[in-house]
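Okay, so here's the structure we're looking at.
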Amino acid sequence: MRDLLLIPLTEKENLVIASDNSGSIGMKDGDEVQVPYKTVAYYSFRVAVMECISAGAEPFAVVVQNFCGDEVWAELLQGIEKGMRDLGKMDIKITGSTESNFALNQSAIGISVLAKRMANKKIDTLTYDTQTCIAVIGSPLVGQEVMAKEEQVVPMSVFRQVCALEGVVTIPVGSKGILHELNTLFENTSFTEENVDSTLPLLKSSGPSTCFVAVFPKEILHKIKAVCSGYFHEINYTG
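Letter by letter, the sequence shown follows residues 1 to 239 in the UniProt record's numbering.
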């Protein structure tokens, strides 16, 4: 089951809502990970918007819950706008609220992305067979690794291109790791550490969706590799 909510709007359209929270990441003295607030917002937006796009939805609005103080609001918007530029989509509206009555000792934000998709589109569970190819695009990173190994974080522009390819199904990897997402996608196969061959750690958190799983037919393998270049990591099921 994907990390989003689908609500019927009309006979032709569904509303899609995806959210992400970030805590103890920012510029307060009590934060465990020290990064600028525009970076915090960028990666939180990234998680939610990738969930929507992966489900075949087009984002149109962002709602920000800010517990870091009024003074960082502009920085949070800068981070979201950077994410919008990476997607090549600047027509997404932004609104939100700030807790300004009380100050927290640690930073915290919540971001929700609203999107629309055609009601006749299906979010299918997949059936694995010998013609199925699986890859992880990007690498699972969390905490300070995200900044230290930023070159391993798959760009959202690459994610967008892969999602646009015919016959490709994607799902962002979150805090439960690659293996969890594989078992979310496929209904006829149980993936374990023992029957999956990969150069990447299968159980490691991918933090702010620094990588995603792509499933596709063998005949477009060359297209996937051409788009993803050095971010491509093949997954082999040996069961």
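Quick reminder that beta carbons are idealized off the backbone N, C-alpha and C, glycines included.
So residue i is in the alpha helix (DSSP H); what residue range does that whole segment cover?
i           : result
residue 223 : 221-228
residue 86  : 73-87
residue 40  : 37-54
When you compare each of the options to residue i by their alpha carbons, which one comes out closest?
i           : options              : result
residue 82  : 17, 129, 156 and 226 : 156
residue 95  : 88, 56 and 111       : 111
residue 248 : 72, 165, 146 and 125 : The question about residue 248 has no answer here: the residues shown for the chain are numbered 1 through 239.
residue 43  : 217, 144 and 203     : 144
residue 119 : 34, 16 and 194       : 16
residue 102 : 116, 66 and 75       : 66
residue 98  : 75, 146 and 35       : 75
residue 202 : 181, 222 and 55      : 181
residue 167 : 11, 220 and 147      : 220
residue 151 : 25, 232 and 100      : 232
residue 148 : 160, 34 and 190      : 34
residue 5   : 114, 80 and 84       : 114
residue 14  : 40, 59 and 29        : 59
residue 61  : 7, 89, 159 and 31    : 89
residue 206 : 10, 8, 229 and 47    : 47
residue 179 : 230, 214 and 104     : 214
residue 209 : 29, 104, 146 and 229 : 146
residue 24  : 189, 104 and 222     : 104
residue 77  : 31, 7, 32 and 45     : 45
residue 160 : 191, 193, 84 and 190 : 84
residue 87  : 191, 20 and 164      : 164
Quick one: measure Cβ to Cβ for residue i and residue j, integer angstroms, because I've assumed they're closer than 8 Å.
i           : j           : result
residue 134 : residue 22  : Their Cβ separation, rounded to whole angstroms, is 29 Å, which puts residue 134 and residue 22 out of contact at 8 Å.
residue 170 : residue 2   : Their Cβ separation, rounded to whole angstroms, is 11 Å, which puts residue 170 and residue 2 out of contact at 8 Å.
residue 211 : residue 137 : 6 Å
residue 224 : residue 162 : 7 Å
residue 204 : residue 140 : 5 Å
residue 56  : residue 116 : With a Cβ gap of about 10 Å, residue 56 and residue 116 do not count as contacting.
residue 131 : residue 217 : 6 Å
residue 158 : residue 227 : 6 Å
residue 18  : residue 80  : So it is not a contact: roughly 14 Å between Cβ atoms.
At which residues does the beta strand (DSSP E) containing residue i begin and terminate?
i           : result
residue 236 : 232-237
residue 94  : 93-98
residue 19  : 13-23
residue 215 : 211-217
residue 58  : 58-66
residue 6   : 5-8
Practice task
Could you say if the region 172-183 and the region 46-60 meet the contact criterion of at least three C-beta pairs nearer than 8 Å?
Solution key: yes
Practice task
Please determine if the region 88-106 and the region 125-132 are in contact, where contact requires at least 3 C-beta pairs separated by less than 8 Å.
Solution key: no
Handout entry: Stretch pair the region 226-236 + the region 193-210: three plus CB contacts closer than 8 Å
Key = yes
Practice task
Just list the beta strand (DSSP E) runs in the region 109-186, keeping only unbroken ones of 3 residues or longer that don't cross its boundaries, in chain order.
Solution key: 132-138 and 169-172
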